[in-house]
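Protein chains: 2
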Amino acid sequence: MHEHEHALNPHLSVDCVVFGFTGEYLKVLLIERNTTRGKDYKLPGDFIYDTEDLQGAAERILTHLTGLEDLFLHQFAVFGRPDRIRAPHDLQWLRETTGLPVNRIVTTAFFSMVRIDESKRENALRAGASWHPVHALPTLAFDHREIIQAGQKALQKEVHFAPICFELLPWKFTIRQIQTLYEVILDHPLDNRNFRKKLLKAPYILPLNERQAGVPHKPARFYIFDRDLYEQNRLEIFEYNF
Amino acid sequence: MHEHEHALNPHLSVDCVVFGFTGEYLKVLLIERNTTRGKDYKLPGDFIYDTEDLQGAAERILTHLTGLEDLFLHQFAVFGRPDRIRAPHDLQWLRETTGLPVNRIVTTAFFSMVRIDESKRENALRAGASWHPVHALPTLAFDHREIIQAGQKALQKEVHFAPICFELLPWKFTIRQIQTLYEVILDHPLDNRNFRKKLLKAPYILPLNERQAGVPHKPARFYIFDRDLYEQNRLEIFEYNF
DNA sequence: ACAAAAGTGTTGCGATTACACCCATGG
DNA sequence: CCATGGGTGTAATCGCAACACTTTTGT
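Respectively, the protein sequence lines represent chains X and Z. Numbering follows our numbering, in which position 114 of the first sequence is assigned residue number 117; successive positions increment by one, without gaps. Numbering follows our numbering, in which position 76 of the second sequence is assigned residue number 79; successive positions increment by one, without gaps.
Structural data, given as structure tokens:
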């Protein structure tokens, strides 16, 4: 598993909140864990090698987990309360799995976005990893529930500025898909007609001639996001509020 | 200086980008430093005690530096590249001043806002600390120039959402002051009439009957920011963009 | 009287909201 | 022919951008 020659630093870790979208729910990728208190779940994460960048550590974890490379990755917070790891079964689990005298760990949290279909089709997820809806999370290790919630808040903020949601959608998508995605991220319903207008005004969202097939209702048109056109058309924003 | 009994952790530090505003420029608080390469400047920062929260460490540094408490404090990034401290004079300075075998340090960056008038009147700054305009920074230690720039970007983002700028202004301020402040933060000129309209529409900006005195032109009215009224009137925003 | 900054209104445009019905398909 | 979700238009309002002159004070 570990190709690096150098030592792990037992004070520093990264944890990744990996978001996915099934067309219905916003989901997070979690790793199953066995402790003295039974089965629970944790975020994908690891200690950092001495020679390794934080971002590099996150990339290593994600690539190992999903087989995918060049994933979207955004550092959003550090969690470092001295007592963030204090439950006996958490401490024992850490000492057993790492073999290190672990005490306080400061973790840098990243959020990432993967297309669930890609991770399924082209690359099996590592054993023990599974998707869970953010609104119904299982029992989580450490302070990982708090980290996931902070990650969703960070995602909500990011959605004000940048077209990052396309990272979660299939290459070609319907308007309903992207609207539902925004609704689950913002946790708020949106008006369909107004959403369409706003979306179709964007010059970098291109309609295909292709439509859904085999659906028991009027088939929806597919669209694609053209990142090059986006980069050409983007302009600086100087918004402010009091 | 250090009231804590417990040990410093030589892997972890916090650095604070402390913003101030003189009515003209956006400024940053820097600490003078003497190295084998001569005099330069660094951000206020320190290692973290084993028993201490990250936020707590930042508060300790700021209180010690300015004498002020309950300052605005916002964690915005972690800097952890393995080679972020590599210049020989930086390494030597660290070893001399800490007495520790320092290698890689991961630092959590906070930004903070202080009213320069308060820090002057009521509390002398610690010796060696001084204000520098962000657009004309002196030679800086480590990667601190990069951290300051990231801090200003974070401040620009924050200004979309929250009325944090009042932390930088005197308790009573003129419209020109706050407009100039927004201009230096956003690094972009704003239209005065439109700015006034937007500001005066906010129900939590209250005019005083008091005006400037002794200025060689029409004296400007003073306003205050009423945080309670703000909290009552704030509503959730579900903005999005592609 | 002059210099210097404060303060003031209108118009056009683009964006956002609210809202209800017909369309195309599979079963 | 029915159930299901896709797809469409308009009117009212709001917020933002552009733009130039008068007012008040100290010197």
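All C-beta atoms, glycine included, are put in the ideal place defined by N, C-alpha and C. Predicted model, so just to flag it, every value in this text is computed and none were measured.
How big is the Cα-Cα spacing for Z:I108 and Z:I227? 42 Å
Indicate the three-state DSSP secondary structure (helix, strand or coil) for X:L57 in the structure shown. helix
Which residue's Cα is closest to the Cα of Z:D53: Z:L203, Z:N12 and Z:L232? Z:N12
Please list the residues of the stretch 55 to 82 of chain Z that have a C-beta atom closer than 8 Å to any C-beta atom in chain X, keeping them in chain order. E55, D56, L57, Q78, A80 and V81
How many whole angstroms separate the CB atoms of Z:V20 and Z:I151, which I take to be in contact at a CB cut-off of 8 Å? 5 Å
Z:G23: first and last residue of the uninterrupted beta strand (DSSP E) it sits in: L11 to F24
Taking the Cβ atom as the reference point for each residue, do X:F225 and X:K156 lie within a distance shorter than 7 Å? no
Can you have a look at Z:V250 and say buried or exposed, based on whether 16 or more other CB atoms are within 10 angstroms of its CB? Shown here, chain Z extends from 4 to 245; a query on residue 250 of chain Z therefore has no answer.
For Z:T142, the three-state DSSP class (helix, strand or coil): coil
Which residues in the same chain have their Cβ closer than 7 Å to the Cβ of Z:P210, if we skip the five residues on either side of it in sequence? R224 and Y226
What would DSSP say about Z:P85, mapped onto helix, strand or coil? coil
Integer-rounded CB distance, given that Z:V17 should sit under 8 Å from Z:F114: Z:F114 to Z:V17, Cβ: 11 Å. No contact.
Does the separation of the CB atoms of X:P141 and X:Y44 fall below 7 Å? yes
Apart from the five residues just before and just after Z:E6, which ones in its own chain have a Cβ nearer than 6 Å to its Cβ? Residue placement at Z:E6 is poorly supported in this model, since its pLDDT is 49, which falls under 50; the coordinates still yield a value, given next. So the list is empty, once near-sequence residues are dropped.
Taking DSSP as the reference, what is the three-state secondary structure of Z:N106? coil
Residues of the stretch 80 to 101 of chain X with a CB closer than 8 Å to any CB of chain Z: list them in chain order, please. A80, V81, G83, R84 and P85
Assuming Z:V31 contacts Z:H135 (C-beta within less than 8 Å), just tell me the rounded distance between them. 6 Å
Coil, strand or helix - X:Q36 by DSSP: Rather than Gln, the amino acid found at residue 36 of chain X in this sequence is Arg. X:R36 falls in the strand class under three-state DSSP.
Check whether the stretch 88 to 107 of chain Z and the stretch 235 to 243 of chain X touch, using three or more Cβ-Cβ pairs below 8 Å as the test. no
Which residues mark the beginning and the end of the alpha helix (DSSP H) in which X:K221 is found? From DSSP, X:K221 is part of no alpha helix (DSSP H); its letter is neither H nor E.
Residues of the stretch 158 to 185 of chain X in Cβ contact with chain Z at a cutoff of 7 Å, in chain order, please. V162, H163, F164, P166 and Y185
X:F164 to X:D146 span [Cα, whole Å]: 28 Å
Grab the span of the beta strand (DSSP E) containing Z:I208 for me, first residue to last. I208 to R214
Looking at the secondary structure, which residues open and close the beta strand (DSSP E) in which Z:I51 lies? G48 to Y52
What does the alpha-carbon distance come out to for the pair X:G192 and Z:F75? Residue identity differs from the one stated: residue 192 of chain X is Pro in this sequence, not Gly. For X:P192 and Z:F75, the distance between alpha carbons rounds to 33 Å.
Chain-order list of residues whose beta-carbon lies under 8 Å from that of X:M4 (same chain, five-residue window excluded): Confidence at X:M4 is low in this model, with a pLDDT of 46, below 50, so the placement of that residue is unreliable and no value is reported for it.
So, Z:L83 versus X:L57, is the Cβ gap smaller than 7 Å? Here residue 83 of chain Z turns out to be Gly, not Leu, going by the sequence shown. Against a cut-off of 7 Å, the Cβ pair of X:L57 and Z:G83 comes out as a contact.
In terms of residue numbering, what span does the alpha helix (DSSP H) encompassing Z:Y44 cover? Z:Y44 -> not in any alpha helix (DSSP H); beta strand (DSSP E) instead, spanning G41 to K45.
Should Z:H163 be counted as a contact of the ligand NAD given a C-beta to heavy atom distance under 6 Å? Looking for the ligand NAD in the displayed structure turns up nothing, as the structure carries no ligands at all.
Which residue or residues does DSSP assign as beta-bridge partners of Z:A132? Z:I34
Taking 7 Å as the cut-off, decide whether the C-beta atoms of Z:V117 and Z:G41 are in contact. no
State the Cα-Cα distance for the pair Z:P85 and Z:V187, rounded to the nearest angstrom. 33 Å
Span of the alpha helix (DSSP H), counted from its first residue to its last, around X:L172: It is not in any alpha helix (DSSP H) - X:L172 carries neither H nor E in the DSSP assignment.
Among X:L15, X:A130, X:E55 and X:N244, the one whose alpha carbon lies nearest that of X:T69: X:A130
Shortest alpha-carbon distance to Z:L33 belongs to which of Z:G26, Z:Q95, Z:R230 and Z:G48? Z:G48
For Z:E149, the first and last residue of its enclosing alpha helix (DSSP H): H147 to E161
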